[in-house]
Amino acid sequence: MKKIKVIVMLVILIFICSIVTKAVLKFQYNKSNSELNRKVEEIIDKLPIKKVDVPDESSKVDKNQNGVADPIDIVNSARKEAEQETVYKDAYYVGGYPPDGEGVCTDVIWRGFKGINVSIKDLIDKDIKENMAQYKGVNGKTDPNIDFRRVLNQDVFFKKNCINLTTEFKEGDINNLKEWQPGDIIVFIEGYEHIGIISDKRDEDGIPYVIHNSHPHASEAKLSWFHNPIHGHYRWKY
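To convert, count from 1 in the sequence shown and add 26; that's the numbering used here.
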């Protein structure tokens, strides 16, 4: 009996130490989006902590009938950018599209939507032509070679054509965490213009990852690593 009590106490002690270690590491390294931060988070993720289960409330619509829900098609298509570590390169391309293997944050978006056979370029070009005054970023002059690759233009388009959702992110709040579902679009404006796609991957705390491209290359990063105010959160109308 005494032996069992000792074992139970050891298990409890290990559990408490894991929680404390995790909390300390997060406090120490959560202030930057550095490579060190990522490596520390990878170690933290392997600690024996019970995972938080966040309900999957993403759409199950499968318009292309490939056996995969459309939001996951978007995620899988965008994830290829992270898997191949598409190099961050800000450049102008005749025809609009950068070659495979290079691009910026906005290229993750249109490449992701290719997974559901939606051409973001065609849709944005058309909307700008019909509603130019709404797009401050074009300065009254359209340029199909670059317009669809600007964060401000994508933001206007998604705000008009998607479901607008919360821009609050609350760690530890399941009701808030479940608002962030795979395939959602997240936009940052203040501080720097940036855009990404919410992944279907979450950490043990239920925090979703974001598929995005920022120097030096595309990657999946925890939403908690982004410290600028969230400007927009959109969900495609599947």
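No residue lacks a Cβ here, since even glycine has one placed at the ideal position from N, Cα and C.
Item	Value
Rounded to a whole number of angstroms, what is the C-alpha to C-alpha distance between D133 and Q160?	22 angstroms
Just the C-alpha distance for I150 and V80, rounded to the nearest angstrom, thanks.	33 angstroms
Ignore the nearest five residues each way along the sequence and tell me which others in G129's own chain have a CB closer than 7 angstroms to its CB.	T112, K115, N239
With H, G and I counted as helix, E and B as strand and the rest as coil, what does DSSP make of F214?	strand
Is the distance from the Cβ of Y264 to the Cβ of D96 below 7 angstroms?	yes
Going along the chain, which residues of its own chain have a beta-carbon closer than 7 angstroms to the beta-carbon of N143, five neighbours each way excluded?	N90
Is the beta carbon of L181 less than 7 angstroms from the beta carbon of I154?	As written in the sequence, residue 181 is Asp, which differs from the Leu given in the question. Not closer than 7 angstroms, so no.
Please state the DSSP three-state secondary structure of E107.	helix
Spatial neighbours of N254 within its chain, please: C-beta separation below 7 angstroms, excluding the five flanking residues on both sides.	F214, E216, G217, Y218
Are G222 and I233 touching if we call contact CB-CB under 7 angstroms?	no
Going by beta-carbon coordinates alone, are N179 and G163 separated by less than 7 angstroms?	yes
How far does the beta strand (DSSP E) with D226 in it reach, from first residue to last?	220 to 228
For the alpha helix (DSSP H) containing V236, name the first residue and the last one.	Here V236 belongs to no alpha helix (DSSP H); instead the beta strand (DSSP E) covers 234 to 240.
In whole angstroms, give me the CA-to-CA distance for K167 and G122.	16 angstroms
What distance in whole Å lies between the Cβ atoms of V78 and D210, which are believed to be in contact at a cut-off of 8 angstroms?	Not really, about 18 angstroms apart at Cβ, beyond 8 angstroms.
Please name the residue or residues paired with H259 in a DSSP beta bridge.	I212
Where does A159 sit, in a helix, a strand or coil, going by DSSP?	helix
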